[in-house]
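K.L.:
Number of protein chains: 2
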Amino acid sequence: MSSTPNAAADVSDLLARRRVLGPAYRLFYDEPVHPVRGEDVWLFDAAGKRYLDAYNNVPVVGHANPAVVDALARQASVLNTHTRYLHEGVVEYAERLLEHFPSALDTVMFTCTGSEANDLALRIAFEATGRRGIIVTRNAYHGVTQALADVSPSLRPVAAHVRTIEAPCKLVGTPDQVAAQFAALVDEAARDLARAGTPVAALMVDTVFASDGIYIGVDDVLSRAAAQVRQHGGIFIADEVQGGFSRIGHHWWAFGRDNVVPDMVSLGKPMGNGHPMAGLVLQAPLVEAFGKNCRYFNTFGGNTVSAAVGLAVLNELERMDAPAQVARVGQVMAQGLSHLAQTAPCIGTVRGQGLYWGVDIRDPDGNASRHARLAQAISNGLRQEGVLIGVSGRQGNALKIRPPLTFQVEHVDLLLSALARQCQAVLTSVL
Amino acid sequence: MSSTPNAAADVSDLLARRRVLGPAYRLFYDEPVHPVRGEDVWLFDAAGKRYLDAYNNVPVVGHANPAVVDALARQASVLNTHTRYLHEGVVEYAERLLEHFPSALDTVMFTCTGSEANDLALRIAFEATGRRGIIVTRNAYHGVTQALADVSPSLRPVAAHVRTIEAPCKLVGTPDQVAAQFAALVDEAARDLARAGTPVAALMVDTVFASDGIYIGVDDVLSRAAAQVRQHGGIFIADEVQGGFSRIGHHWWAFGRDNVVPDMVSLGKPMGNGHPMAGLVLQAPLVEAFGKNCRYFNTFGGNTVSAAVGLAVLNELERMDAPAQVARVGQVMAQGLSHLAQTAPCIGTVRGQGLYWGVDIRDPDGNASRHARLAQAISNGLRQEGVLIGVSGRQGNALKIRPPLTFQVEHVDLLLSALARQCQAVLTSVL
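Residue numbers (our numbering), protein chains in the order written: chain L, 1 to 431; chain S, 432 to 862.
(1) Using the Cα positions of Leu813(S) and Tyr85(L), report the straight-line distance between them to the nearest angstrom.
(2) For the stretch 738-748 of chain S against the stretch 660-674 of chain S, do three or more pairs of beta-carbon atoms, one drawn from each stretch, fall closer than 8 Å, so that the two count as touching?
(3) Looking at the secondary structure, which residues open and close the alpha helix (DSSP H) in which Phe613(S) lies?
(4) Asn488(S) to Val144(L), Cα distance in whole Å?
(5) Are the CB atoms of Val326(L) and Leu355(L) within a distance shorter than 7 Å?
(6) Please report the residue range of the alpha helix (DSSP H) in which Arg814(S) lies.
(7) Rounding to the nearest angstrom, what Cα-Cα distance links Val464(S) and Asp220(L) in this structure?
(8) For a test of the three-state rule: what should DSSP assign to His63(L), helix, strand or coil?
(9) When the Cβ atoms of the stretch 637-653 of chain S are set against those of the stretch 673-690 of chain S, are three or more pairs found closer than 8 Å?
(10) Look at Pro270(L) and Val60(L) and say whether their C-beta atoms are less than 7 Å apart.
(11) Tell me which residues of the stretch 717-731 of chain S have at least one Cβ-Cβ distance to chain L shorter than 7 Å, keeping chain order.
(12) Counting only runs of 3+ residues fully inside the stretch 468-542 of chain S, write out the beta strand (DSSP E) ranges in chain order.
(13) How many Å lie between His275(L) and Glu95(L) at the Cα?
(14) Which of the residues in the stretch 575-599 of chain S, read from start to end, lie with their CB under 9 Å from any CB of chain L?
(15) According to DSSP, simplified to helix, strand and coil, what is Ala775(S)?
(16) Can you find at least 3 beta carbon pairs, one from the stretch 64-76 of chain L and one from the stretch 470-488 of chain S, that sit closer than 8 Å?
(17) According to DSSP, is Asp752(S) helix, strand or coil?
(18) How about His592(S) and Ala621(S): do their beta carbons lie closer than 7 Å?
(19) May I have the straight-line CA-CA distance separating Thr83(L) from Ile378(L), to the nearest angstrom?
(20) At the 7 Å Cβ level, is Cys112(L) part of the contact set with chain S, yes or no?
(21) Taking Cβ to Cβ, would you say Thr113(L) is nearer than 7 Å to Cys543(S)?
(22) Please name the residue or residues paired with Lys400(L) in a DSSP beta bridge.
(23) What residue from Asn570(S), Val672(S) and Gln714(S) has the CA that sits closest to Asp537(S)'s CA?
(24) Taking all protein chains shown into account, do 16 or more other C-beta atoms lie within 10 angstroms of the C-beta of Lys831(S), making it buried, or fewer, making it exposed?
(25) Helix or strand or just coil, what does DSSP make of Ser433(S)?
(26) Establish whether the CB of Pro5(L) and some CB of chain S are separated by less than 7 Å.
(27) What's the C-alpha gap between Val186(L) and Ala76(L)?
(28) How would you list, in chain order, the residues of chain B whose beta-carbon sits under 8 Å from the beta-carbon of Ala455(S)?
(29) Bridge partners of Ser266(L), per DSSP?
(30) Counting only the same chain and skipping the five closest in sequence on each side, list residues whose C-beta sits under 7 Å from that of Gly827(S).
(31) Going by DSSP in three states, Gln784(S) sits in which element: helix, strand or coil?
(32) I need the DSSP call for Val649(S), collapsed to helix, strand or coil.
(33) Is Leu311(L) close to chain S, meaning its C-beta is less than 7 Å from at least one C-beta of that chain?
(34) Quick one: is Tyr85(L) near chain S, going by C-beta distance under 7 Å?
(35) Can you give me the C-alpha to C-alpha distance between Ser434(S) and Val265(L), rounded to a whole angstrom?
(36) Can you list, in chain order, the residues of its chain whose CB lies under 6 Å from that of Phe541(S), leaving out five sequence neighbours each side?
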């Protein structure tokens, strides 16, 4: 796993050996990256090349954050047990985590992945309401389990008890009009579910609408939608796996931009800075309804090591005052991307806030069939330059930028100048 | 988190603060254990009391195993990334893991929990067969996701596409007769699913039938059942979350006692000695069928740290020659439990092999309503003596004994003498 003089041969050998993982695993980039070391916002490959990480939202307080690694190593060397024994760590972590939520959200359950958290949210919603209907957005992604694939139209057609509605990013009008339209869509879907004999149990939304194209409007989209689904007897589940832990700046949670208190909030990716942990924050009456009929035990969820890691991540985020820092750096990113959109002919719409951004790439001549190819070329070009971002979107032409939250203004500058160069380069190389 | 002079006050305070986890979390024992440190087969509580751990199957190579902790700390301090970048670690671990499987099982996919592995197994079974029918045993438990709760009758009634059959431990006759009966039940269930319009996609069994009462017969129960479901066009999924990694001795996998090669094998609990990791080992054609239509990405599954931890656990198990050691210590346990069954009036049937045992507790006067109370009293008594076991079973009267695999003959002696004492004690205290 250390650097070698013959890194290229290593890569081709590794690629061949990787068959043991089967064909469902995909690698990023035409020429895959082969990192062997990480530090803060940087990755280093086997050949010693350095990459600015503007993609990975999991190592939220930086790759190999020393305080987090230390907490992990220390607790693992002492004790790793589950929640059926008493332990100070998990209780302290739960208390500290809940300090960052509105007081009605007073209970937390621990899982290992965002998928498990969302899956549990559905189980609790079904149990608490006695209903099965679910409303999600048109291109939503909520996780990899069977039940979540059923409510994730970005993966496959949804199940019979699920209705999809257009996400706010696809609605047109003033912020107020968008919020009204979105609430009306919730209303319509709830009525349709009731007519079909599966009344609505929950509206579940990714609070940054990431897979729908990103929407982080400063308005009352979420609160009005929540009010609407509650009027129909359903509950509001905020999926904060993407948007949580200060990702959008100003607020700890993306729902914090709106005057809404969700019934349940699912947490994931950045919670352990890479350690497999996730959770569900919820209002006590819901879990009481669930706990009456169901027990819940997650072998690894909330174990003593995960609690120590989670606490260390919280400490780091608090120490850097993540909501404020992300807002500040995000403002620089916003200005830079906006400037680029005006000057680079291949940059289309820019959406985002804080350190979560989607940048549409478009063919300057408007040839839609070339949008995705250009986005791929820019991403691959950035990778060759030593800058990592992602490509996604329904048309495959959106650049995904969501770096560790320790990203500073100097990193924004590096990213934006590389992006400007690549936008220029593809105009000659691809077109 | 260190030992304190006032441990009792700590416990009552912690119990009150633990409300933040909600009522779905349950603690073991009338007086919960409050461990602050673990070492090999021992746990130590806040008051300094030592407990022999004869219950926890997750820390398979011992609590806080130094080699595993070292691998965890070392890799976490260097790099923790996902499977969309190339990395030697995950490939090496996959190769080393597959060395312990029959050659047809040539592919491995990584998840974070046994639930995620079983859930993925179902998704692949549905995709590969184009069918939805599932056969499980009558009191099966396969995990906590929605889809797994549907096939886990120990949690709740199964879904319409699921048939339950009696587990081998509940069938009567010679080993050969039991195998024939079990295969006939698979046949009948498959026919019933076909008649209902949901032909069988898979037979899924926990290979030690843990939640059904434990069955580890040395016979061809599994191979005949697998042949039967394949005749109906279904596949055979071996859930080795409980039975895997040498738990029953002699073999790395519990299915290894039989002449069967499963189509898929799910792994979990002990895989990372407490680190949240799990996986699915399968035959290439199955995952090719799945990979054609589906992508699979698990954010934390197969990350560089999990791979390093998994490798360290494999190294430890290989170093101690776990299948042989467990067989040897398990033999002593078998003899001791058998002797106890003959001498202690409250010990009923003893089932198990290696280091997985179920011991039925019964009222000496045959009063069935007291079986469970006696089992609870024995378990609580053992806890007071400093020995940890579990209680389970449909009637709540089965002691569950499944210690770390580093359990030695001296530990068996400690456990059995404590158990003999408690069996004696409850005859006076409870009856």
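Even for Gly, the Cβ is constructed at its ideal location relative to N, Cα and C.
P.N.:
A quick look at the data gives this:
(1) 15 Å
(2) no
(3) Pro606 to Arg626
(4) 27 Å
(5) yes
(6) His802 to Glu816
(7) 47 Å
(8) strand
(9) yes
(10) yes
(11) Val718, Glu719, Phe721, Gly722, Cys725, Arg726, Tyr727, Asn729, Thr730 and Phe731
(12) 473-476, 481-484 and 538-542
(13) 20 Å
(14) Val575, Thr576, Gln577, Ala578, Leu579, Ala580, Asp581, Leu586 and Arg587
(15) coil
(16) no
(17) coil
(18) no
(19) 47 Å
(20) yes
(21) yes
(22) Gly358(L) and Gly390(L)
(23) Gln714(S)
(24) buried
(25) Since pLDDT at Ser433(S) reaches only 43, below the 50 mark, its modelled position is unreliable, and no value is offered.
(26) With a pLDDT of only 47 at Pro5(L), under 50, the local geometry of the prediction cannot be trusted, and no value is derived from it.
(27) 46 Å
(28) Of the protein chains in this structure, namely L and S, none is chain B.
(29) Asp239(L) and Leu280(L)
(30) Ala803 and Ala806
(31) strand
(32) coil
(33) no
(34) yes
(35) Per-residue confidence for Ser434(S) stands at a pLDDT of 43, beneath the threshold of 50, marking its modelled position as unreliable; the derived number appears in the next sentence. The straight-line gap from Cα to Cα measures roughly 35 Å.
(36) Gly710, Gly732 and Gly733
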